[in-house]
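Quick note on numbering: numbering that gives the first Met the number 0 labels position 248 of the sequence shown as 247, and the sequence is numbered without any gaps. C-beta atoms are modelled at their ideal positions from N, C-alpha and C, and glycine is treated no differently. Every value quoted in this text rests on a predicted model; they were computed, and no experiment measured them.
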Amino acid sequence: MIATNRQDMPGHSGEATQAAIRIENLSKWYEGFQVLTDINLEVAHGERIVICGPSGSGKSTLIRCINQLEVHQKGRVVVNGVELRPGMKGLAEVRSNVGMVFQQFNLFPHMSVIENCTLAMRRVRKIAKAEAETIAVENLARVRIADQAQKYPSQLSGGQQQRVAIARALCMRPKVLLFDEPTSALDPEMIKEVLDVMTLLAKDGMTMVCVTHEMGFARNIADRLIFMDAGKIVEQGEPKEFFGNPSNDRVRTFLEQILH
0 MIATNRQDMP GHSGEATQAA IRIENLSKWY EGFQVLTDIN LEVAHGERIV
50 ICGPSGSGKS TLIRCINQLE VHQKGRVVVN GVELRPGMKG LAEVRSNVGM
100 VFQQFNLFPH MSVIENCTLA MRRVRKIAKA EAETIAVENL ARVRIADQAQ
150 KYPSQLSGGQ QQRVAIARAL CMRPKVLLFD EPTSALDPEM IKEVLDVMTL
200 LAKDGMTMVC VTHEMGFARN IADRLIFMDA GKIVEQGEPK EFFGNPSNDR
250 VRTFLEQILH
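What follows is the structure, given as structure tokens:
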């Protein structure tokens, strides 16, 4: 099970009473286009959030703001009690506690699976090679791919590569794990193996924020669903309420299209 000690982040002895993520009045522009407008969202420790909505609604931009891969122009993003700001001191350390799994796998093709998994541990955490390899093998086993440790990404299927990417993120022992449509680049038969791994992580209590169109997965693991449209959160709720009785017409239309 992933370590979830809430006292091991420097300077945050009261973290148990804080939200894992707090977003306040967040807005972002790309030149003259406003992609996010006054987003307010709080994610508790151990909570599983699924963000859904039509293409271009700002979902991916929102989660990329959580670890400052995208810089916002207005509002606040606070992760484990630390407000993230462009160029802030210690951003790399805070970011290392927020794992990210992308649509594309972003594995280094010239490195083996285990080398991909140990690189950040050795460079960012300064963990010795032997210990880093032990941690990598443990996390590759968690995503059911330990037997592929010495292979290179080109020798793996898309589903296997995405599981390696998840293992790589887990190796940093993140407090929060972000997923940006992790199955969108996969063939249909490979989607289930990745969703099964994500379901296991959810059951382990990992704080997760996941952008996905996999509504069956969302119904089964989400504590709360967030629906975005045109850069705004227009509805949120627990799965039973969200799927069974959405109050917003745009949500009803979206669900009818994606579920049928």
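Exposed unless 16 or more other CB atoms sit within 10 angstroms - verdict on residue i
| i | result |
| --- | --- |
| K128 | exposed |
| F107 | exposed |
| A15 | Confidence at A15 is low in this model, with a pLDDT of 49, below 50, so the placement of that residue is unreliable and no value is reported for it. |
| S12 | Its pLDDT being 39, under 50, S12 is placed unreliably in this model, and the coordinates cannot settle the point. |
| M205 | buried |
| N115 | buried |
| P85 | exposed |
| V193 | buried |
| G243 | exposed |
| V142 | buried |
| L258 | exposed |
Residue i - DSSP class collapsed to helix/strand/coil
| i | result |
| --- | --- |
| M207 | strand |
| G74 | strand |
| D195 | helix |
| K58 | helix |
| R63 | helix |
| R172 | coil |
| E188 | helix |
| L25 | strand |
| L68 | coil |
| R84 | coil |
Under 8 Å between C-beta atoms of residue i and residue j
| i | j | result |
| --- | --- | --- |
| C170 | M120 | yes |
| I190 | A166 | no |
| Q161 | P181 | yes |
| I113 | A168 | no |
| V42 | I62 | no |
| F178 | M207 | yes |
| Q102 | A201 | no |
| T306 | V49 | Lying before the first or after the last residue shown, residue 306 is absent from the chain, which here runs from 0 to 259. |
| E311 | N247 | Since the displayed the chain opens at 0 and closes at 259, residue 311 lies outside it and no answer follows. |
| T117 | E137 | no |
Rounded C-alpha distance that separates residue i from residue j
| i | j | result |
| --- | --- | --- |
| R5 | N79 | Below a pLDDT of 50, predicted positions are generally treated as unreliable, and R5, at 34, falls in that range; the measurement from the model is reported next regardless. Each residue's alpha carbon lies about 9 Å from the other. |
| V81 | E130 | 29 Å |
| A140 | I134 | 10 Å |
| D228 | G57 | 7 Å |
| Q33 | G158 | 34 Å |
| T3 | K174 | With a pLDDT of only 34 at T3, under the threshold of 50, the placement of this residue in the model should not be trusted; the figure read from the coordinates follows. T3 and K174: Cα-Cα distance of roughly 7 Å. |
| R94 | L35 | 21 Å |
| R75 | D146 | 43 Å |
| E240 | L68 | 32 Å |
| I65 | G45 | 16 Å |
| D222 | M197 | 14 Å |
| G52 | E92 | 31 Å |
| K88 | L25 | 21 Å |
| R254 | C209 | It should be pointed out that residue 254 corresponds to Leu in this sequence rather than to Arg. Computed Cα separation, rounded: 17 Å. |
| R172 | V123 | 12 Å |
| S153 | A164 | 14 Å |
| F216 | F226 | 15 Å |
| N39 | K150 | 43 Å |
| V77 | L83 | 6 Å |
| P9 | L90 | Because the pLDDT at P9 is just 35, under 50, the model does not fix this residue reliably, and the value given afterwards should be weighed accordingly. Distance between the alpha carbons of P9 and L90 is about 13 Å. |
| R249 | I126 | 48 Å |
| V97 | R251 | 32 Å |
Residue-chain proximity (residue i, chain B), Cβ-Cβ < 8 Å
| i | result |
| --- | --- |
| V100 | Structure shown: chain B not included; a single protein chain is present. |
Segments of 3+ residues assigned as beta strand (DSSP E) that fall wholly inside the stretch 93-160: 97-100
Uninterrupted alpha helix (DSSP H) stretches inside the stretch 220-257 (no shorter than 4 residues): 238-243
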